[in-house]
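Notes to accompany the following structure.
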Amino acid sequence: MTAGWIIAGLFVLIVIIFLSYFNRFAILGNRIDNSLSQIDVQLKRRADLIPNLLETVKGYTKHEKTIIKEVTDARKALISAGNIESKVKANDKLESVLKSVFALAENYPDLKANTNFLELQKELATTEDKIAYSRQYYNDSILSYNMLCTTFPGTFFAGIYGKKKRDYLQIAESERKPVKVSF
Amino acid sequence: MENQRINFDDQISRNKVKSVILMFSVFLIVVLLGYVISYAFEPGYFFTIMIFSIIFSIGYLLISYYNSDKIAIASVGAKEVRREGDYRQYYDLVEGLTIASGLPMPKLYVMRSNQINAFASGRDPKHSVVCVTEGALEKLDKKELEGVLAHELGHVGSYDIRYMTLVAVMVGMISIISEIFLRSLWFKSGGNDDNSKGNAIFILIGVVLAILAPIVVYFVQLAISRKREFSADASSVKFTRYPPGLIGALKKIKEENQPRDKKINKAIAPLFFANPFKELGSTHPAIEKRIEVLERM
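Respectively, the protein sequence lines represent chains A and B. Using my numbering, read the first sequence as starting at 12 and increasing by one per residue. Using my numbering, read the second sequence as starting at -5 and increasing by one per residue.
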């Protein structure tokens, strides 16, 4: 009789452990998905700011067609990019051409003093911070997930539930090197 | 890294458990106070007073649990900050940090004070508030301010805010109530009542309790801050990945020579980023020590 109760108790305990690990995988997996969509949100926000910026810049710099076109192209590439890797890549490209736009502004005092331009510049800088943070959080989330997958006892449950390690978001080459600004 | 994360989870559950224990002990203390009061003054109304004190303490717990952040904010007279308002950088920085930490956006406040300081409060991350002083917004640069705000979000994420605010509000209130009790006893012993022995004993207990309460407050406040500040500093670095920001802010606080802020209630001092009362160095670890730990990161 007592033995029966003990076995029943153990069974319940095992079920609880299995469920709790299932939940942990689900929670950490969701966190990765959420942080991924957060990157998307911030990238989109940046892409949305660019047309306004270009309008302002165009008004002051009639002869800088190439740079404007570069930014427009980079923005298009960002919008049309499919998966997160290519998005991040396109974003890095956009970031470097944007830097040359702001460097360009140094030659146009009127543009530099334009409140709209300043506002956009600030806004883009904030968005850039947020993009960096969202990527950092994405990698942090992957780290927690992978730790659960690879350390005991999580690795045991990962095998049962078919969970595998996920890949980090790579830092692009352009971010490691200081950006070269050409005029 | 994983160790840190596990510690973080541990911290959360420890704070939740401690909050429950705290609330339960506050309940017991209030009921005990009611018991003593009823014996000391009106033994005839024992049950009425006991029932009253039980209802009172439950109500007190519920009110302080759900409103502790509002009480803390009200006690420093802070103003709410919105996205469109004047403090754009402040708002943007916190928004960026919520992305870095995965926490929901707290309500933001600014309080009038020339000191560089900040605190966070609330019962959980969804109902959290962050408040900084005008002095901090003026004197700190962007990276330093970000370090301080990330420190506060560290308190939010670890549920320090729940426990610390509960301690500040509840225990702070107990000390006030017991002080009132002590004062009324003072008056009573001045009169020519019949001093039966039973009454005298309970008056004695009442006095002891009332003297003990502020001491308990003192020790509880000592216990809550020190380790938490270090771990919140660590979370800050985890979110910003930039120790020099926080170090810069701490150095500026160390160098600034502001007079103590009279508006800040002593009970909520442990909530703050840096001790608002310089001469009472006990509620916070020494700034030098915090800088030293950060520089090793």
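Backbone N, C-alpha and C define an ideal beta-carbon position, used for all residues, glycine too. Source: prediction; values computed, not measured.
Asked                                                                                                                        : Found
Residues bridged to Met105 of chain B (per DSSP)                                                                             : B:Thr127
With 16 other Cβ atoms within 10 Å as the buried cut-off, status of Gln181 of chain A                                        : exposed
Beta-carbon proximity check, Thr159 of chain B vs Ser115 of chain B, cutoff 7 Å                                              : yes
Helix, strand or coil at Lys133 of chain B [DSSP, three-state]                                                               : helix
Test: Gln132 of chain A CB closer than 7 Å to a CB of chain B                                                                : no
DSSP-derived helix/strand/coil call for Ala293 of chain B                                                                    : This structure gives no information on residue 293 of chain B, because the portion of chain B shown stretches from -5 to 291.
Interface flag, Ile6 of chain B vs chain A, CB-CB below 7 Å                                                                  : no
Sheet register partners of Phe266 of chain B (DSSP bridge)                                                                   : B:Phe113
Extent of the continuous beta strand (DSSP E) run through Lys141 of chain A                                                  : That residue, Lys141 of chain A, is in no beta strand (DSSP E); its alpha helix (DSSP H) goes 126 to 161.
Minimum Cβ-Cβ distance from Lys141 of chain A to chain B less than 7 Å                                                       : yes
Endpoints, alpha helix (DSSP H) assigned at Val68 of chain A                                                                 : 13 to 71
Beta-carbon proximity list for Thr166 of chain A, same chain, < 8 Å, skipping 5 on both sides                                : Cys160
Ser7 of chain B burial status per 10 Å Cβ neighbour count (16 or more: buried)                                               : exposed
Length of the line joining the Cα atoms of Asn150 of chain A and Ile49 of chain B                                            : 50 Å
Cβ of Ser31 of chain A within 7 Å of any chain B Cβ                                                                          : no
Chain A contact for Gly79 of chain B (CB, 7 Å cutoff)                                                                        : no
Delimiting residues of the alpha helix (DSSP H) encompassing Lys175 of chain A                                               : First-last for Lys175 of chain A: undefined, no H or E at that position.
7 Å Cβ cut-off: residues of chain A touching Ala94 of chain B                                                                : Tyr144, Gln147, Tyr148
Segments of 4+ residues assigned as alpha helix (DSSP H) that fall wholly inside the region 31 to 103 of chain B             : 40 to 70, 82 to 95
Neighbour-count burial assignment, Asn269 of chain B, 16 or more Cβ in a 10 Å radius                                         : buried
Given Ser111 of chain A as reference, the closest of A:Glu81, A:Thr137, A:Gly93 once Cα atoms are compared                   : A:Glu81
Spatially closest choice to Ala144 of chain B from B:Pro98, B:Ile209, B:Asp227, B:Ile197, by CA coordinates                  : B:Asp227
Neighbouring residues, chain A, relative to Glu138 of chain B (Cβ below 9 Å)                                                 : Those do not exist, as Glu138 of chain B stays about 15 Å from chain A at its closest Cβ, beyond 9 Å.
Residues from the region 82 to 107 of chain B in contact with chain A, defined by Cβ distance under 9 Å                      : Arg82, Gln83, Asp86, Leu87, Glu89, Gly90, Leu91, Thr92, Ile93, Ala94, Ser95, Gly96
Residue-level contact to chain B via CB, Gln181 of chain A, 7 Å cutoff                                                       : no
Residue(s) in a DSSP beta bridge with Ser122 of chain B                                                                      : B:Gly116
Backbone CA spacing between Glu106 of chain A and Pro119 of chain B [nearest angstrom]                                       : 33 Å
The region 74 to 108 of chain A: positions lying closer than 7 Å to chain B by Cβ                                            : none
Classification of Pro264 of chain B by the beta-carbon crowding that lies within 10 angstroms, buried from 16 upward         : buried
Closer than 7 Å to chain B by CB, Thr137 of chain A                                                                          : yes
Beta-carbon proximity list for Gly129 of chain B, same chain, < 6 Å, skipping 5 on both sides                                : Ser107, Asn108, Gln109, Ile110
The region 69 to 84 of chain B / the region 22 to 39 of chain B touching (three or more Cβ pairs under 8 Å)                  : no
Segment contact, 8 Å Cβ cut-off, at least three pairs: the region 86 to 100 of chain B with the region 136 to 152 of chain A : yes
Local conformation of Gln181 of chain A per DSSP, three classes                                                              : coil
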